[in-house]
Ligand code: MIG
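Residue numbers (the working numbering): 36 to 788.
Printed below as a string of structure tokens:
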């Protein structure tokens with residue numbers, strides 16, 4: 036692309052370098068040691084990134100008609116047409132602009148371009164491409180929830196939030212979420228790229244041309260961030276600092292959640308809850324799908340099916356159960372319906388050719404709030420707060436791509452914004468983002484940490500919401516895909532994620548449900564959900580064995596809730612995901628690069644689930660260091676092992692040196708435990724254990740405790756390193772292989788194991 040032309044001159048103004056080319060200027064911001072932004076002048080400022088600028092020193096000189104830029108970490112060469120190469124200090128190449136040879140050769144070959152996922156129209160292709168050299172050993176991770184495998188090399192994706200109800204398969208180009216961020220890794224280098232552009236963007240990771248990968252944008256401006264560092268952890272830390280992290284969740288949101296499209300009445304819900312309690316399978320949350328509403332009108336409740344809604348939520352609260360209700364963005368176009376009337380009166384809805392834009396969703400003829408405007412968000416947040424006043428504890432945002440039944444919204448549907456009006460082309464990918472923000476602002480008025488579950492997302496939406504992967508199916512391929520999907524979401528800043536346990540569409544089987552809960556119990560979001568007209572899939576819908584195994588894994592989940600909660604605190608501090616691929620912990624081990632059927636929860640727990648029908652043995656790869664079977668405490672060296680995995684066993688390993696915080700089993704997460712259980716394995720390890728009220732924002736004022744716990748030289752020490760909360764702990768139980776020690780809880784102690 037000759038967008039920029041010959042390099043002429045440059046101006047350095049603090050951290051910003053303007054490079055004057057013959058056609059237009061290109062800019063580089065040296066934000067900090069790990070973050071460099073490449074861009075052209077934007078029409079509108081970014082709606083996503085945070086300002087992380089620090090004072091740093093750069094040296095610039097002109098060498099042979101190119102610019103040579105020296106920073107504390109890198110040497111960067113910029114040539115004509117803004118062609119840029121980033122090196123380390125020893126002039127080893129990390130990332131290098133190149134020409135997309137095949138694309139250049141095939142100019143005019145519409146078919147190839149289209150195959151690669153680029154938009155080609157007869158008049159003009161609006162896509163602009165950035166193409167980089169792909170190294171032979173280069174692998175790619177990230178890009179959010181896209182389908183397929185952990186390593187994205189050889190695949191292509193389009194970032195355009197999409198609700199496509201057909202079965203999600205490997206070569207799917209777009210799912211519900213758009214996260215234009217990836218991690219590249221080759222030889223000894225690792226880097227991240229975030230393309231800060233909300234229009235439709237394409238990421239073609241060496242799909243056709245083995246020498247290069249490219250990312251392109253179909254509107255807006257060139258604007259991307261290069262993240263450097265020495266590890267994937269560094270890159271994820273920087274990316275999540277740039278786009279935001281999830282705050283601490285309320286503790287109960289880590290509990291078991293049961294959903295169905297739909298539980299059709301109060302009685303049905305009560306039966307589900309009573310069954311759970313009778314079977315003593317822990318449960319904290321019931322989700323209500325669209326049929327709790329009156330005619331699918333958002334912010335109404337059906338008097339027939341759920342009379343006296345407030346009493347209903349109160350009754351459930353007494354049983355220790357929280358209610359989450361679904362909310363769709365589409366507002367039924369019906370005079371006399373208050374949400375519609377208020378929206379019309381105040382111009383809250385999107386327009387097309389200066390008329391209110393209509394499409395159809397569940398309520399039939401519907402209109403779409405312009406969440407990109409603060410006025411609209413204020414209004415919507417009041418409505419969300421209204422639900423909280425009815426005793427609703429969390430909101431489930433569905434259909435927020437936005438989905439529409441009468442064809443897609445035209446590109447020139449207009450949405451009000453805080454920075455002028457936006458076209459649908461520009462703001463489509465942010466629709467869910469702003470809807471989540473509005474919902475967040477509403478639920479925050481309760482003083483509690485908002486719980487929102489969203490289907491669609493953009494980079495940064497994770498500050499307000501948790502996510503599920505939308506409409507999977509009850510097929511083994513989707514259980515298999517759940518693992519790389521959740522791993523890549525975690526690497527892409529989405530910390531609180533899960534898949535519909537048992538699968539949403541189609542009929543699940545006993546075996547599939549069991550294998551799925553063995554994954555779901557370790558997913559940050561643990562929810563069983565299924566579609567209308569499919570087989571019911573609560574744990575008791577099969578046989579006693581299913582109940583027993585389901586209970587076993589939900590019990591394990593509840594024991595591990597504090598371990599998981601600690602990981603959310605770690606996420607807030609460093610941006611690390613709760614559920615992570617092995618490559619996140621062992622990136623120098625190439626056997627982890629394409630490992631799609633194992634994952635880690637934090638640094639200590641390795642989960643190796645069976646994801647194949649009929650399998651009762653599992654080939655497990657264990658990276659360096661020793662590992663212990665979580666049930667038998669049998670020791671395993673690193674390497675490949677074939678382990679037993681009968682239906683009632685998901686192979687789980689604790690890393691040598693692990694300290695795993697557990698709590699006694701209970702039916703739900705109300706109240707705080709009095710016993711701190713520490714499961715300790717031989718070796719060396721260290722954790723920060725975090726304790727607070729699990730509900731409010733008081734932790735932001737320091738009202739929490741933090742304990743440093745160390746496992747070293749055959750002893751275990753605990754030290755209170757931050758005190759701001761009255762601990763409920765009275766006792767500590769230390770489990771060390773087959774030994775159990777109980778001691779009174781103290782703020783500092785040392786126990787010889
Ligand atoms: O067009 O609300 O992904 O979880 O049960 C289907 C009904 C609409 C899609 C969601 C699914 C939910 C369903 N919804």
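A virtual CB, placed ideally from N, CA and C, is assigned to each residue, including glycine.
Predicted model, so just to flag it, every value in this text is computed and none were measured.
Determine the extent of the beta strand (DSSP E) in which residue i is found, giving its start and end residues.
{"i": "residue 799", "result": "Since the displayed the chain opens at 36 and closes at 788, residue 799 lies outside it and no answer follows."}
{"i": "residue 661", "result": "No beta strand (DSSP E) holds residue 661; DSSP gives it neither H nor E."}
{"i": "residue 743", "result": "740-747"}
{"i": "residue 72", "result": "70-74"}
{"i": "residue 322", "result": "320-323"}
{"i": "residue 450", "result": "449-452"}
{"i": "residue 676", "result": "674-679"}
{"i": "residue 548", "result": "Per DSSP, residue 548 belongs to no beta strand (DSSP E); it is in the alpha helix (DSSP H), 545-555."}
{"i": "residue 401", "result": "399-402"}
{"i": "residue 328", "result": "No beta strand (DSSP E) contains residue 328, which DSSP labels as neither H nor E."}
{"i": "residue 725", "result": "720-726"}
{"i": "residue 641", "result": "640-642"}
{"i": "residue 64", "result": "60-67"}
{"i": "residue 760", "result": "Note, residue 760: premise wrong, no beta strand (DSSP E); not H, not E."}
{"i": "residue 220", "result": "216-221"}
Can you tell me which residues form a DSSP beta bridge with residue i?
{"i": "residue 611", "result": "Beta-bridge pairing links residue 611 to no other residue."}
{"i": "residue 779", "result": "766"}
{"i": "residue 249", "result": "166, 239"}
{"i": "residue 123", "result": "109"}
{"i": "residue 103", "result": "96, 112"}
{"i": "residue 25", "result": "The question about residue 25 has no answer, for the chain in this structure spans 36 to 788."}
{"i": "residue 338", "result": "Answer is none; residue 338 lacks a bridge partner."}
{"i": "residue 535", "result": "562"}
{"i": "residue 53", "result": "46, 62"}
{"i": "residue 785", "result": "752"}
{"i": "residue 508", "result": "540"}
{"i": "residue 406", "result": "DSSP lists no partner for residue 406."}
Looking at the secondary structure, which residues open and close the alpha helix (DSSP H) in which residue i lies?
{"i": "residue 458", "result": "Taken as a continuous stretch (DSSP letters only), residue 458 belongs to no alpha helix (DSSP H), being part of the beta strand (DSSP E) at 455-458."}
{"i": "residue 477", "result": "466-479"}
{"i": "residue 525", "result": "511-526"}
{"i": "residue 421", "result": "409-424"}
{"i": "residue 83", "result": "Taken as a continuous stretch (DSSP letters only), residue 83 belongs to no alpha helix (DSSP H), as it is neither H nor E."}
{"i": "residue 346", "result": "344-353"}
{"i": "residue 305", "result": "301-313"}
{"i": "residue 689", "result": "Looking at the DSSP string, residue 689 is not in any alpha helix (DSSP H); the run it does join, the beta strand (DSSP E), is 687-690."}
{"i": "residue 618", "result": "617-620"}
{"i": "residue 277", "result": "267-278"}
Can the beta-carbon of residue i be found less than 8 Å from the beta-carbon of residue j?
{"i": "residue 404", "j": "residue 366", "result": "yes"}
{"i": "residue 683", "j": "residue 570", "result": "no"}
{"i": "residue 724", "j": "residue 685", "result": "no"}
{"i": "residue 789", "j": "residue 113", "result": "Any property of residue 789 remains undetermined from this structure, which presents the chain solely from 36 to 788."}
{"i": "residue 52", "j": "residue 101", "result": "no"}
{"i": "residue 495", "j": "residue 278", "result": "yes"}
{"i": "residue 504", "j": "residue 180", "result": "yes"}
{"i": "residue 234", "j": "residue 72", "result": "no"}
{"i": "residue 619", "j": "residue 657", "result": "no"}
{"i": "residue 836", "j": "residue 553", "result": "Here the chain covers residues 36 to 788 and nothing more, so residue 836 does not appear."}
{"i": "residue 654", "j": "residue 640", "result": "no"}
{"i": "residue 422", "j": "residue 334", "result": "yes"}
{"i": "residue 177", "j": "residue 216", "result": "yes"}
{"i": "residue 704", "j": "residue 290", "result": "yes"}
{"i": "residue 721", "j": "residue 735", "result": "no"}
{"i": "residue 168", "j": "residue 247", "result": "yes"}
### Task
Tell me, please, whether the region 507-514 touches the region 530-542 by the rule of three or more beta-carbon pairs shorter than 8 Å.
Verdict: yes, contact present.
### Query
So, do the region 483-496 and the region 425-433 have three or more beta carbon pairs nearer to each other than 8 Å?
A contact between stretches requires three or more CB pairs, one per stretch, nearer than 8 Å, and the region 483-496 meets this requirement with the region 425-433.
### Message
Pairs of beta-carbons, one from the region 245-261 and one from the region 517-529, closer than 8 Å: are there three or more?
### Response
The region 245-261, when compared against the region 517-529, does not touch it at the 8 Å Cβ threshold.
### Message
Measuring CB atoms only, is the region 279-294 touching the region 722-732, in the sense that at least three cross pairs come out at less than 8 Å?
### Response
Because the criterion of three Cβ pairs below 8 Å is met, the region 279-294 and the region 722-732 touch.
### Query
Counting pairs of Cβ atoms below 8 Å between the region 189-200 and the region 233-246, do you hit three or more?
Short answer: they touch.
### Message
Within 8 Å, do at least three Cβ pairs link the region 404-413 to the region 325-345?
### Response
Taking a cut-off of 8 Å on C-beta distances, the region 325-345 does not touch the region 404-413, as fewer than three cross pairs fall below it.
### Query
Any chance the region 769-777 sits against the region 708-716, with 3 or more Cβ pairs inside 8 Å?
Yes: the two stretches touch, three or more of their Cβ pairs being nearer than 8 Å.
### Query
Would you say the region 664-682 touches the region 214-231, given that touching needs at least three Cβ pairs under 8 Å?
No, the region 664-682 is not in contact with the region 214-231.
### Message
Check whether the region 592-607 and the region 260-274 touch, using three or more Cβ-Cβ pairs below 8 Å as the test.
### Response
Using a C-beta cut-off of 8 Å, the region 592-607 makes no contact with the region 260-274, since fewer than three inter-stretch Cβ pairs fall below that distance.
### Query
Using 8 Å as the Cβ pair cut-off and three pairs as the minimum, do the region 755-762 and the region 733-747 touch?
Touching, yes.
### Query
Is it true that the region 338-353 meets the region 460-473, where meeting means three or more beta-carbon pairs spaced less than 8 Å apart?
Contact check between the region 338-353 and the region 460-473: fewer than three CB pairs, one atom from each, fall below 8 Å, which does not count as touching.
### Query
Do the region 347-362 and the region 616-632 make contact, defined as three or more Cβ pairs closer than 8 Å?
Not touching, per the Cβ criterion.
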